[in-house]
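What follows is a short report on a single structure.
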Amino acid sequence: MRFGTGAQKVEPCPWDKVKPEEGGVDGERVTIGEAAERAGMSAKAIRLYEQRGLLEPAQRTDSGYRTYGPEDLAVLTFIRQAKATGLRLDEIGRIIDLQRAGEQPCATVVDLLDARLCDVDRKLADLTDLRRTLAAARARADGAARAGRPAVICTVIETSPTR
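Take 19 as the starting number for the sequence shown in the numbering used here and just add one per residue.
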């Protein structure tokens with residue numbers, strides 16, 4: 019199955035495959051501190067993701083400590099990786115909700131990544147324009163200062179064309 023505009027084949031998201039080094043041995047439950055360490059995030063972030071519904075409510079020990087299993091750790095790792103691509107938590111939540119509803123979320127992921135790429139391209143174009151403006155102002159700076167033109171505040175800025 020192909021998603022997006024590229025010709026790459028996108029494989030289904032492997033939610034059911036947890037690497038032992040990332041999620042522990044099947045059935046093993048870990049504390050929030052250990053989960054945070056394994057997932058590469060803070061315990062505070064895990065509590066936030068649980069509060070926002072990205073992560074199912076943690077099981078609790080008799081003492082009230084949160085514990086997390088391999089599937090929880092896989093979701094936390096997914097959240098970290100999705101954030102690294104620039105996806106927002108609300109977008110990540112939509113992806114996780116689709117998966118929980120039994121739908122394949124990768125088409126949505128591709129759409130979100132395409133939108134993020136467009137955002138980045140727009141920002142790069144804006145930054146390129148700004149760089150040209152700055153470079154032109156800087157190039158005129160020496161000449162404007164030597165010319166001794168009267169200025170309200172600074173001839174370097176006042177002789178620069180506006181964007």
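Ideal placement from N, C-alpha and C gives every residue a C-beta, glycine not left out.
Is residue i helix, strand or coil by DSSP?
| i | result |
| --- | --- |
| Thr151 | helix |
| Arg118 | helix |
| Val48 | strand |
| Thr106 | A small correction: the amino acid at residue 106 is Arg; Thr does not occupy that position in the sequence shown. Three-state DSSP puts Arg106 in coil, outside helix and strand. |
Looking at the secondary structure, which residues open and close the beta strand (DSSP E) in which residue i lies?
| i | result |
| --- | --- |
| Thr85 | Arg84 to Tyr86 |
Please list the terminal residues of the continuous alpha helix (DSSP H) segment that includes residue i.
| i | result |
| --- | --- |
| Val174 | Thr173 to Glu176 |
| Arg70 | It is not in any alpha helix (DSSP H) - Arg70 carries neither H nor E in the DSSP assignment. |
Tell me which residues share the same chain as residue i and place their Cβ nearer than 7 angstroms to its Cβ, disregarding the 5 neighbours each side in the sequence.
| i | result |
| --- | --- |
| Ala54 | Ser60, Ala61 and Ile64 |
| Pro75 | Glu68 |
| Gly22 | At Gly22 the pLDDT is 44, less than 50, meaning the model places this residue with poor confidence and gives no usable figure here. |
| Gly24 | Because Gly24 sits at a pLDDT of 43, beneath the cut-off of 50, its placement in the model cannot be relied upon, and the following sentence gives the value as read from the coordinates. None. |
Between which residues of its own chain and residue i is the CB-CB distance below 8 angstroms, once the five residues before and five after are set aside?
| i | result |
| --- | --- |
| Gly182 | Any property of residue 182 remains undetermined from this structure, which presents the chain solely from 19 to 181. |
What is the rounded straight-line gap between the Cα of residue i and the Cα of residue j?
| i | j | result |
| --- | --- | --- |
| Asp160 | Arg150 | 17 angstroms |
| Leu142 | Thr95 | 29 angstroms |
| Val174 | Leu152 | 11 angstroms |
| Gln77 | Ala133 | 36 angstroms |
| Lys101 | Leu66 | 14 angstroms |
Within its chain, find whatever has a CB closer than 6 angstroms to the CB of residue i; leave out the 5 residues flanking it on each side and keep chain order.
| i | result |
| --- | --- |
| Glu39 | Summary for Glu39: the model assigns pLDDT 44, below 50, so the residue's position carries little reliability; its value from the coordinates is reported in the next sentence. Here the set comprises nothing. |
| Thr103 | none |
I'd like to check one pair, residue j with residue i: are the Cβ atoms closer than 9 angstroms?
| i | j | result |
| --- | --- | --- |
| Ile50 | Thr85 | yes |
| Leu130 | Leu105 | yes |
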